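Numbers given in the numbering used here equal positions in the sequence shown, counted from 1, plus 33.
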Amino acid sequence: MSDLAALIDSIPRPEIPSSWDPTDRQLTQLLIESARQQMRPYTGRFEGAWLLVPFAKDVWHTTNYGREELIDGEWKKTIVVDWRVQLPNGCLLTDARYVALLTTIKKVAFLIRNGLINGKSAPRAWIGGLNTLIALTRLVVMHEGRFKPETHGLRLIDQAALDWIFCEYAQGGVTRLLQTPQRALTAFYLGAHGMPCPEPLLATPYALPPSELAPLVRWVESQGGYEKIKRGQYLGKAMLSRKWLANLTHDDPCAMQGWRVSRFCRQFELELAENSLHISLTQKTEFPSHRTVLASEESDSATERSLNQLSSLFGSLLDAHRHLPTLMPNPAGLSLRRANCLAQRFVGPDGHTPLIPINTGLVYLNVAMRFVHLYGDAIVGLYLDVVANTQVEKKGRPDALNTTLKRQAQHWCVASGIPITTILNVTQFAGEGRQTRRDFHRYRANPTLDEVLRVLIGSCIVCMATLKPSREEELTHLKRNCLRQDGNGYWLNFNLGKSNVKGVEAWQEADRPIPVITARAIQLLQHLGAGLCDIFGGTTKHAENLFYLPTINGKGALSAENDLLNVHLDDFCDFVGLPPDSEGRRWYVRIHEMRKWFLLQLFWSGRFDVLDAARWIAGHTDTAHIYAYIEKNFPGESLPQIEAQYSEERLRRLAQGQSGAEDGADALYEKVLKHFNVTSLTMIPESEWIGYVRALREANTFHLEPHSILDEDGLVVGINISFVIREQS
Numbered sequence: 034m035s036d037l038a039a040l041i042d043s044i045p046r047p048e049i050p051s052s053w054d055p056t057d058r059q060l061t062q063l064l065i066e067s068a069r070q071q072m073r074p075y076t077g078r079f080e081g082a083w084l085l086v087p088f089a090k091d092v093w094h095t096t097n098y099g100r101e102e103l104i105d106g107e108w109k110k111t112i113v114v115d116w117r118v119q120l121p122n123g124c125l126l127t128d129a130r131y132v133a134l135l136t137t138i139k140k141v142a143f144l145i146r147n148g149l150i151n152g153k154s155a156p157r158a159w160i161g162g163l164n165t166l167i168a169l170t171r172l173v174v175m176h177e178g179r180f181k182p183e184t185h186g187l188r189l190i191d192q193a194a195l196d197w198i199f200c201e202y203a204q205g206g207v208t209r210l211l212q213t214p215q216r217a218l219t220a221f222y223l224g225a226h227g228m229p230c231p232e233p234l235l236a237t238p239y240a241l242p243p244s245e246l247a248p249l250v251r252w253v254e255s256q257g258g259y260e261k262i263k264r265g266q267y268l269g270k271a272m273l274s275r276k277w278l279a280n281l282t283h284d285d286p287c288a289m290q291g292w293r294v295s296r297f298c299r300q301f302e303l304e305l306a307e308n309s310l311h312i313s314l315t316q317k318t319e320f321p322s323h324r325t326v327l328a329s330e331e332s333d334s335a336t337e338r339s340l341n342q343l344s345s346l347f348g349s350l351l352d353a354h355r356h357l358p359t360l361m362p363n364p365a366g367l368s369l370r371r372a373n374c375l376a377q378r379f380v381g382p383d384g385h386t387p388l389i390p391i392n393t394g395l396v397y398l399n400v401a402m403r404f405v406h407l408y409g410d411a412i413v414g415l416y417l418d419v420v421a422n423t424q425v426e427k428k429g430r431p432d433a434l435n436t437t438l439k440r441q442a443q444h445w446c447v448a449s450g451i452p453i454t455t456i457l458n459v460t461q462f463a464g465e466g467r468q469t470r471r472d473f474h475r476y477r478a479n480p481t482l483d484e485v486l487r488v489l490i491g492s493c494i495v496c497m498a499t500l501k502p503s504r505e506e507e508l509t510h511l512k513r514n515c516l517r518q519d520g521n522g523y524w525l526n527f528n529l530g531k532s533n534v535k536g537v538e539a540w541q542e543a544d545r546p547i548p549v550i551t552a553r554a555i556q557l558l559q560h561l562g563a564g565l566c567d568i569f570g571g572t573t574k575h576a577e578n579l580f581y582l583p584t585i586n587g588k589g590a591l592s593a594e595n596d597l598l599n600v601h602l603d604d605f606c607d608f609v610g611l612p613p614d615s616e617g618r619r620w621y622v623r624i625h626e627m628r629k630w631f632l633l634q635l636f637w638s639g640r641f642d643v644l645d646a647a648r649w650i651a652g653h654t655d656t657a658h659i660y661a662y663i664e665k666n667f668p669g670e671s672l673p674q675i676e677a678q679y680s681e682e683r684l685r686r687l688a689q690g691q692s693g694a695e696d697g698a699d700a701l702y703e704k705v706l707k708h709f710n711v712t713s714l715t716m717i718p719e720s721e722w723i724g725y726v727r728a729l730r731e732a733n734t735f736h737l738e739p740h741s742i743l744d745e746d747g748l749v750v751g752i753n754i755s756f757v758i759r760e761q762s
């Protein structure tokens, strides 16, 4: 295997019959040679257009769909991989002793991104896979006596190890795999008592006896291990510092944000002992989000989707064996299917995007439309007027913006002629900074102009995401010229998410119709962004984005990071101020939730008649895809009822002599007739055969499978709904 290329070259070429057509002979030869080349180990240089720095660098900057740019010699807006990973033994992956292991992991990452082995090569998906690969790297170092990663890389992962890794991961994700609670408890106990932690305590790290907790809490406190919550309803209460904990256990601080770690930490957070929520130190909103996990909802198990992602990673590693035979596991002796099957008994169901309650969604949409329609022009105009005049006058005093605001306030009014500052009680340009904004009552009653602008931006996002279902990436990176108007109304031009070809960092462009209020929101953002460019002279790539938004101090613009829109949505939701639920959580909407809300509301109102329209507006290529999305996310038991109702109408049409052979409804029709031993539905009381059809659907005896009808060019020209009837055993 050490000279796989030579072995491939030694394989004799197959003889192609001379009777074949010359064109077919040539094509066959090309296919054979292509297959031989694809099987050869990679011997090229580890360089690529996507890798913007040398392979040997400790920090990689990689391309990001063309959004990256070099500013003053530094790369910005790139996909970054920091190889200076903290390992469980206190070393770094970049230390000299691990140079072979680091090089191995880098080569795997390179081969995946280059499309030379199986794996997701799109930038965002690629970096997600690398996070799992790095966790696996930390695991083999944690058990280096067994895996000897310094010299063997990942080569010593055998079937027994594979089975163990999959089963451990399925029972508790990376937290269980890397024994995060046990390592933290070991450090606590050694610090507090000067001796190793007893095995019985390590076996139950989530259920420590109170008698054991007290001295550990005192030790953590003496070491500065607690941090005060800085905002929200739990202001001032002490939480275990996740950064301190990561340093103590030589872990990644990001790995300390999961709820499994929070469950362990809660035992040491005495001021929060009675709280049912796993709140975060990084909470920036008035209340915890509706996504905050309840202790009663805990399930250590990984989901089936995450287990499949682990399986996909190992598939990449096994594929890499031909390129790195001395450092990768040998696929000849391993079975991913076996490991996956063993782990399946531990996994939990995949999570679902929560459905925004109808009243909540309508309240948010109503407030958003009011801000956009009634207040938008005055807010944006006043903001730009104040910032521009202050810049021109070159006032450097802290109160300069406030002074300009007072002078310009009367110039910007709503349609009724009342100044916007009077309507919203705005008396200042900005406070001292976001980190000090803890008085949410003041925020709603007497907001600053900066805060009002951010509420307006959140309102624009709500009007866009609720009324034109979009993915977060599609909205975040819209260009300022994304809006067009013709005789049919307004259209949004965007890059269609999940449409990029493997290995190509480009999305397909699409146009979709939008309502007037959505177009109005886009026009406000266009006005704001263009005004900021005029004031600050925006020359970077992201200055062309629709969401070119100002910093809090009014002296520049924010970068288009992934959470840019979410920050403004949080500001909007806190301003609306809906009451929290019984657990103290508020619904802070997200773009993918609004996308789901629109699609399910559309389907609920129009049923199968609007299914193809839902597919088109959501950017799916096939009706089967949008229906699978609806099936997965539809609340309660309503979807089988909707399918049954559609089936009843279809059978009525058959009874009237309309053909149903094209979609299989005739088979269901015959089944109903046979059950009642009749030749026509008109011979049976309607309530009886409807009850039978609904019983069949509830028993899953049949189900519907919508799919698109394509023309010769592959374009969708219609929709068909097939009735799939299960064979009776």
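Glycine residues also receive a C-beta, built at the ideal position from the N, C-alpha and C atoms. Given the structure is predicted, the values throughout are model-derived calculations rather than measurements.
Taking C-alpha positions only, Lys665 is separated from Arg545 by approximately 25 Å. Cβ-Cβ distances below 8 Å link Lys110 to Asn97, Arg100, Glu101, Glu102, Lys574, His575, Ser592 and Ala593 in the same chain, with the five nearest sequence neighbours on each side left out; the list follows chain order.
Counting of Cβ neighbours within 10 angstroms places Gly697 among the buried residues, the total reaching 16 or more. Annotation: Gly522 is outside any alpha helix (DSSP H); the continuous beta strand (DSSP E) that includes it extends over Gly522 to Leu529. Looking at the DSSP output, Thr95 sits in a beta bridge with Leu84 and Ile112. Annotation for Pro387: His323, Arg324 and Glu626 place their beta carbon closer than 8 Å to its own, counting only its chain and skipping 5 residues before and after.
The alpha carbon of Arg296 has as its nearest neighbour, out of Asp284, Met272, Thr282 and Gln316, the alpha carbon of Met272. With a threshold of 16 other beta carbon atoms within 10 Å, Trp53 falls short and is exposed. Excluding the 5 residues flanking it on each side, Leu134 has same chain C-beta neighbours closer than 6 Å at Pro182 and Gly186, in chain order. The Cβ atoms of Gly148 and Ser349 do not sit closer than 8 Å to each other. For the set Ser449, Gly161, Thr654 and Val711, the Cα lying nearest the Cα of Ile752 is the one of Thr654. Within its own chain, the residues whose Cβ lies closer than 6 Å to the Cβ of Val141, once the five positions on either side in sequence are excluded, are Ala353, listed in chain order. The three-state secondary structure of Met228, taken from DSSP, is coil. Per DSSP, Leu246 has no beta-bridge partner at all. When rounded, the separation of the alpha-carbon atoms in Asp483 and Val396 is 23 Å. If you draw a straight line from the Cα of Val400 to the Cα of Val114, it is about 41 Å long.
The region 409-426 makes no contact with the region 362-373: fewer than 3 CB pairs, one atom from each, lie closer than 8 Å.
With a threshold of 16 other beta carbon atoms within 10 Å, Glu542 falls short and is exposed.
A direct Cα-Cα distance of roughly 47 Å separates Tyr131 from Cys566.
Its chain contains Phe199, Tyr202, Ala203, Asn373, Ala376, Gln377 and Val380 as the residues whose beta carbon lies nearer than 8 Å to that of Leu340, once the 5 sequence neighbours on both sides are disregarded; these appear in chain order. Within the DSSP bridge table, the entry for Ile754 names Pro739 as partners.
In the DSSP assignment, Leu278 falls within the unbroken alpha helix (DSSP H) covering Arg275 to Thr282.
At a cut-off of 4 residues, the continuous stretches assigned as alpha helix (DSSP H) that sit fully inside the region 696-726 are 698-709. Residues Ile758 of the same chain have their beta carbon placed closer than 6 Å to that of Ala700, with the five preceding and five following residues left out of the count. Per the Cβ contact rule, the region 638-648 is not in contact with the region 401-411 (fewer than 3 Cβ pairs under 8 Å). With contact defined as three or more Cβ pairs closer than 8 Å, the region 547-559 and the region 494-503 are in contact.
Cβ-Cβ distances below 7 Å link Glu616 to Ser309, Leu310 and Leu327 in the same chain, with the five nearest sequence neighbours on each side left out; the list follows chain order.
Contact check for Arg504 and Pro74: beta-carbon distance about 38 Å, past the 8 Å limit, so the pair fails to qualify.
In this chain, the alpha helix (DSSP H) harbouring Asp603 covers Leu597 to Val609.
In the structure shown, Pro55 falls within a helical segment according to DSSP collapsed to helix, strand and coil.
Of the residues assessed, Ser368 falls on the exposed side of the cut-off, its CB having fewer than 16 other CB atoms within 10 angstroms. Taking C-beta atoms as the reference points, Leu234 and Glu245 count as a pair closer than 8 Å. In the three-state reduction of the DSSP assignment, Val118 falls in the coil class.
Note on geometry: alpha-carbon atoms of Thr282 and Ile262 lie some 22 Å from one another. Between Asn599 and Arg623, the CB-CB gap stays under 8 Å. By the criterion of a C-beta distance shorter than 7 Å, Pro613 is surrounded in its chain by Phe320 and Arg619, once the five residues flanking it on both sides are discounted.
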